[in-house]
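Below is one structure; the comments refer to it alone.
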Amino acid sequence: MMTPLLEQLNGEMAAAVEQARRSLVQIQNGRGAGAGTIWQADGLIVTNAHVVGPGRITVTLPDGRSLPARLLARDSQRDLAALSIEANNLPAISLGKARHLQPGQWVMAVGHPWGVKGAVSAGAVIAVGVPPELPHSRGEFIQVGLHLRPGHSGGPLVDGQGRLVGINAMISGPEVGLAVPVYTVKAFLREALTS
């Protein structure tokens, strides 16, 4: 039997996931698929660099529409890419504060692992910083105690209010996922879209 506190927490987490799913897209690149996150209502999508290939890119929106996408910028070092689609009034994700994440805080990774649309994995933040196994990486990662699967890449990592704190990127061991912090995404977009 669930206590009232657990019931409330369960409801809040489900609401946070539902909010994140509204901003989750699927990206097909001719050789595979991944996820993406609606950053702006005017069609700006953020994903991982390893999700987009050199060929044609198609974005499938939560409402089922599939649209061609244009690659605006790609940074393999930070594993980020920015795409543009011809659409308006899209449900852009709310931004959270990755710098305020604390070890033990619960977060949720949303994506399309193995084609399961909007699948969720939850886990606790381990650390925010440069992972020991990636000492030469260009930037910090959110290290989370959850298993990211193929198809989570490019999707949102959200806090308990459904706000974006990172972009799911890769696994780092059996039960550790890495996400690019939202502040790194902001810096990437500033550099990419102003040059």
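If you use the working numbering, the sequence shown closes out at 185, no skipped numbers anywhere.
Beta carbons are placed, not taken as given, at the ideal position from N, Cα and C, and that holds for glycine.
Endpoints, alpha helix (DSSP H) assigned at Val172: Against the sequence shown, residue 172 aligns to sequence position 182. Looking at the DSSP string, the run of the alpha helix (DSSP H) that includes Val172 is 172 to 184.
Three-state secondary structure (DSSP) of Ala112: Numbered from 1 along the sequence shown, position 122 holds the residue referred to as residue 112. Of the three classes helix, strand and coil, the one that applies to Ala112 here is strand, per DSSP.
Contact belief for Ala99 with His142 at Cβ below 8 Å, rounded distance in angstroms: To locate residue 99, count along the sequence shown from 1; it is residue 109. To locate residue 142, count along the sequence shown from 1; it is residue 152. 5 Å between Cβ atoms; contact.
Contacting residues, own chain, Cβ-Cβ under 8 Å from Arg11 (five flanking each side not counted): Position 21 of the sequence shown, counting from 1, holds the residue named residue 11. Short of 8 Å from the beta carbon of Arg11, and not among the five residues preceding or following it, lie these beta carbons of its own chain, in chain order: Pro52, Val100, Gly108.
Residues sharing a beta bridge with Leu147, DSSP: One-based indexing of the sequence shown puts residue 147 at position 157. Under DSSP, Leu147 shares a beta bridge with Ala99, Gly156.
Assigned exposure category for Gly24 - 16 Cβ within 10 Å defines buried: The sequence position of residue 24 within the sequence shown is 34, counting from 1. Looking at its Cβ environment, which holds 16 or more other Cβ atoms inside 10 Å, Gly24 is buried.
Three-way DSSP call (helix, strand, coil) for Gly167 in this model: Sequence index remark: in the sequence shown, residue 167 carries index 177 (1-based). Here Gly167 sits in strand by DSSP.
Boundaries (first-last residue) of the beta strand (DSSP E) holding Leu73: Here residue 73 refers to the residue found at position 83 when the sequence shown is read from its first residue. Its beta strand (DSSP E) spans residues 70 to 75.
Touch test, the stretch 63 to 72 against the stretch 114 to 122, Cβ-Cβ under 8 Å, three pairs minimum: The stretch 63 to 72 vs the stretch 114 to 122: no contact.
Contact check, Leu62 vs Leu183, beta carbons under 8 Å: Position 72 of the sequence shown, counted from the first residue, corresponds to residue 62. Position 193 of the sequence shown, counted from the first residue, corresponds to residue 183. The answer is yes: Cβ separation under 8 Å.
Arg68 burial status per 10 Å Cβ neighbour count (16 or more: buried): Numbered from its first residue, the sequence shown carries residue 68 at position 78. Of the other Cβ atoms in all chains shown, 16 or more fall within 10 Å of the Cβ of Arg68; this residue is therefore buried.
Three-state secondary structure (DSSP) of Pro58: Locating residue 58 in the sequence shown gives position 68, counting from the first residue. Three-state DSSP puts Pro58 in a strand.
Bridge-paired residues (DSSP) for Gly24: Residue mapping note: residue 24 aligns to position 34 of the sequence shown, counting from 1. Note: Gly24 sits in a beta bridge opposite Ile17.
Supposed close pair Pro146, Ile157 - CB separation, criterion 8 Å: Sequence index remark: in the sequence shown, residue 146 carries index 156 (1-based). Sequence index remark: in the sequence shown, residue 157 carries index 167 (1-based). About 7 Å separates the two Cβ atoms, so the contact holds.
Minimum C-alpha distance to Gly22 - residue among Leu154, Gly105, Thr(-7): As a working note, residue 22 is residue 32 in the sequence shown. Nearest of Leu154, Gly105, Thr(-7) to Gly22, Cα basis: Gly105.
Sequence-distant residues of the same chain with beta carbon closer than 8 Å to Pro164, five excluded per side: Mapped onto the sequence shown, residue 164 falls at position 174. Only His137 meet the Cβ criterion.
Contact under 8 Å by Cβ, Gln9 with Thr48: Counted from its first residue, the sequence shown places residue 9 at position 19. Counted from its first residue, the sequence shown places residue 48 at position 58. Contact: no.
C-alpha gap between Arg89 and Ala117, whole angstroms: Counting from one through the sequence shown, the residue named residue 89 turns up at place 99. Counting from one through the sequence shown, the residue named residue 117 turns up at place 127. Each residue's alpha carbon lies about 11 Å from the other.
Nearest to Pro103 (by Cα), restricted to the options Val134, Asp65, Ser111: Here residue 103 is taken as the residue at index 113 of the sequence shown, counted from 1. The shortest C-alpha separation from Pro103 is found at Ser111.
Beta-carbon proximity of Val155 to Gly135, cut-off 8 Å: Residue mapping note: residue 155 aligns to position 165 of the sequence shown, counting from 1. Residue mapping note: residue 135 aligns to position 145 of the sequence shown, counting from 1. For Val155 and Gly135, no; Cβs fall outside 8 Å.
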